[in-house]
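First comes the structure, then the notes that go with it.
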Amino acid sequence: MLRSVVDALHSAMNIGLAHSKCQTRRNGMLEASAAACIVTLAATPIVIVGMRRMAAIDEVTARSSHQVPTPRGGGIAVVLGLFAGIGLAVCIPGPGDARDLLSLTIGIAPFGLIGLVEDLSGIAPPRRLALHVTAAVVAVTAVRGAVLDDPVPSGTTVLLVTIIAPVWITAFVNVFNFMDGINGISVTTAVLAGAAFTVLGAVQHVDAITTGGALTAAAALGFGPFNFPRARIFLGDVGSYSLGAAIALLAVRAVLAGIPVETALAPTALYLADTAWTLLRRVRAKEQWYLPHRTHAYQRLTTAGWSHTRVTGLVGVLTAVLVALGFAADGPLPVRLLADTAAGLVLLGYLNAPQRVAAGRDSARHSRAVPARPHPSPMPAASPMPAASPTPAASPTPAASPTPAASGVAAIPSQRRPTNPDRTDRTDGTRPLGDAGRSH
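Structural data, given as structure tokens:
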């Protein structure tokens with residue numbers, strides 16, 4: 001009896017400690033996320049001034065989607081906010097393993113530095129690609145050191161970490177940069193992706209994914225008011241590279257934790273589909289696919305007449321739908337297949353949207369240019385013509401009276417109204433030449 005009471009008390013204490021630990025983790029994550037958002041929000045105005053002084057300005061060109069010169073490099077504030085949140089999360093007990101969070105920092109920092117140099121002075125494409133691959137290897141090494149506790153990891157894990165992950169990180173960092181072309185699109189995607197990884201980590205009980213996703217979403221959210229709906233500053237390469245690296249690393253961490261690939265990649269699916277489809281179209285058209293262009297699906301939507309706000313809203317809604325379908329894919333095989341099929345249809349609809357919008361615009365223009373013909377009214381039935389009446393005999397013409405001049409009487413002025421030159425009284429139905437410039 002006494003033993004049973006002791007066991008019950010021990011179980012209750014364990015439950016209480018677990019609840020207390022969970023509450024501590026939740027509070028720590030919220031505090032770190034708030035710090036990331038506030039630091040980004042406070043640092044962005046300072047970055048705007050600094051970028052203007054350093055002449056880091058995106059001028060308006062033929063490929064631009066903006067109308068006025070705008071400073072770039074706003075991602076500096078995002079990186080500062082992200083690192084501030086990670087630092088606080090490491091110092092506060094509970095939000096996540098310090099080693100996992102520090103590996104995220106090590107993975108993001110090289111890409112941020114590369115982007116900063118790119119924003120300020122530019123880097124030749126071959127050298128930039130080499131730097132991206134090097135940074136991806138550094139990031140994967142940091143993740144591997146934080147994750148692979150097993151002294152004898154499986155062959156699949158080794159393949160993923162050593163070969164696939166560096167290629168994936170390098171590719172998605174560039175994809176995220178390519179897609180950052182209109183106001184708010186990448187900020188919205190980063191917020192949704194971070195929120196998705198936060199929920200995913202909480203469901204799968206992986207604290208590093210939960211905290212990393214929350215910090216990514218919070219830092220992007222703090223930058224949002226300066227980039228959407230009107231852009232006072234752009235993320236620049238420093239921002240797109242850093243956020244792209246953060247999302248790519250979280251996806252790698254999720255796959256290593258045993259989460260299905262569809263679920264881990266769902267927040268990135270629309271960006272990947274847009275970039276892959278655009279590349280395929282350009283290659284098939286025998287274009288120089290490696291040169292800058294404005295033929296992504298989201299760019300063609302703006303060219304067809306949609307505003308930045310409308311396109312960003314569409315991308316956000318579809319990304320949220322894809323994330324929901326990704327969560328559904330983590331289930332039985334029939335549900336997984338159904339979710340994958342639905343996600344494919346969503347992406348197909350998005351990729352075909354520019355063509356449909358452009359066709360609708362052209363149809364509307366044509367209907368305005370060519371007015372519809374009125375339907376002819378039915379002709380009334382012809383009435384029978386009356387019988388012709390006999391013509392009266394012509395009366396004799398009276399003799400002409402003498403003219404006033406001939407009779408010696410003074411001429412009487414005519415009472416006829418003078419002709420108005422503005423009237424259409426000419427036999428050819430035209431106005432006088434002097435009336436051609438008047439408004440009517």
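When the letters of the sequence shown are read in order and numbered with full-length UniProt numbering, they come out as residues 1 to 440. Every residue, glycine too, gets a C-beta built ideally from N, C-alpha and C. This one's a predicted model, so the numbers in the text were calculated from it and none came from an experiment.
Best match in the options for proximity to residue i [C-alpha to C-alpha]
i           : options                           : result
ARG128      : ALA139, SER121, VAL140 and ILE114 : ILE114
THR268      : VAL335, ALA343 and GLU287         : ALA343
ALA353      : ALA329, PHE327, VAL311 and ALA339 : VAL311
LEU101      : GLY184, GLY213, ALA56 and VAL173  : GLY213
VAL137      : THR170, THR105 and GLY112         : THR170
SER240      : VAL68, GLU31 and ASP119           : ASP119
GLY194      : ASP340, CYS37 and HIS296          : CYS37
GLY112      : GLU31, PRO126 and LEU131          : LEU131
GLY181      : VAL90, THR70, ILE247 and GLY87    : THR70
THR210      : PRO332, LEU104 and LEU272         : LEU104
LEU325      : HIS366, ALA77, TYR350 and LEU265  : LEU265
ILE108      : TYR350, ALA35, THR216 and VAL321  : THR216
ALA142      : MET179, ALA98, PRO125 and GLY184  : ALA98
THR162      : GLY184, VAL133 and ASP58          : VAL133
VAL321      : HIS366, VAL357, ILE86 and THR263  : THR263
VAL203      : ASP330, PRO125 and PHE83          : ASP330
ALA35       : VAL60, ALA89 and HIS66            : ALA89
ILE164      : GLN288, PRO110 and ALA248         : ALA248
PRO125      : TYR290, ILE106 and MET179         : TYR290
ARG356      : ARG300, ALA135 and TYR271         : ARG300
LEU272      : TRP168, THR40 and ILE123          : TRP168
LEU270      : VAL323, ASP237 and THR302         : VAL323
ASN183      : PHE197, ASP207 and PHE228         : PHE228
ASN27       : ILE106, PHE197, ASP207 and ASP362 : ASP207
ALA32       : VAL49, CYS91, TRP306 and GLU59    : CYS91
ALA358      : ALA304, ALA84 and MET179          : ALA304
residue 451 : ALA364, LEU82, VAL117 and SER363  : Because residue 451 is not part of the residues shown, which for the chain are 1 to 440, the question remains open.
Coil, strand or helix - residue i by DSSP
i           : result
PRO292      : coil
THR189      : helix
ASP58       : strand
PHE234      : coil
ALA124      : coil
TRP306      : coil
PHE223      : helix
GLY87       : helix
PHE228      : coil
ALA329      : coil
residue 443 : In the structure displayed, the chain extends from 1 to 440; residue 443 sits before or after that span and is not available.
GLN415      : Note that GLN415 has pLDDT 43, beneath the 50 cutoff, so the model's placement of it is unreliable and no number is given.
SER242      : helix
GLY74       : coil
GLU31       : helix
GLU287      : coil
ILE92       : coil
Element boundaries [alpha helix (DSSP H), containing residue i]
i      : result
ALA257 : Counting along the chain, ALA257 falls outside any alpha helix (DSSP H), and DSSP gives it neither H nor E.
HIS66  : HIS66 -> no alpha helix (DSSP H), and no H or E assigned at all.
GLU118 : 98-120
GLY184 : Taken as a continuous stretch (DSSP letters only), GLY184 belongs to no alpha helix (DSSP H), as it is neither H nor E.
VAL283 : 269-284
7 Å Cβ cutoff, residue i in contact with chain D
i      : result
ARG361 : Here there is only one protein chain, and chain D is not present.
Distance cut-off 6 Å: residue i Cβ against heavy atoms of the ligand ADP
i      : result
PRO110 : Here there are no bound small molecules, and the ligand ADP is not part of this structure.
Would you check if the segment 273-285 and the segment 167-186 touch, i.e. whether three or more CB-CB distances between them fall below 8 Å? yes
Pairs of beta-carbons, one from the segment 296-309 and one from the segment 203-223, closer than 8 Å: are there three or more? no
Does the segment 280-295 come into contact with the segment 233-251, if we say contact requires no fewer than three beta-carbon pairs (one atom in each stretch) closer than 8 Å? no
Pairs of beta-carbons, one from the segment 184-194 and one from the segment 243-253, closer than 8 Å: are there three or more? yes
Does the segment 66-83 come close enough to the segment 249-256 to have 3 or more Cβ pairs within less than 8 Å? no
For the structure I just gave you, are there three or more beta carbon pairs, one from the segment 38-57 and one from the segment 76-85, closer than 8 Å? yes
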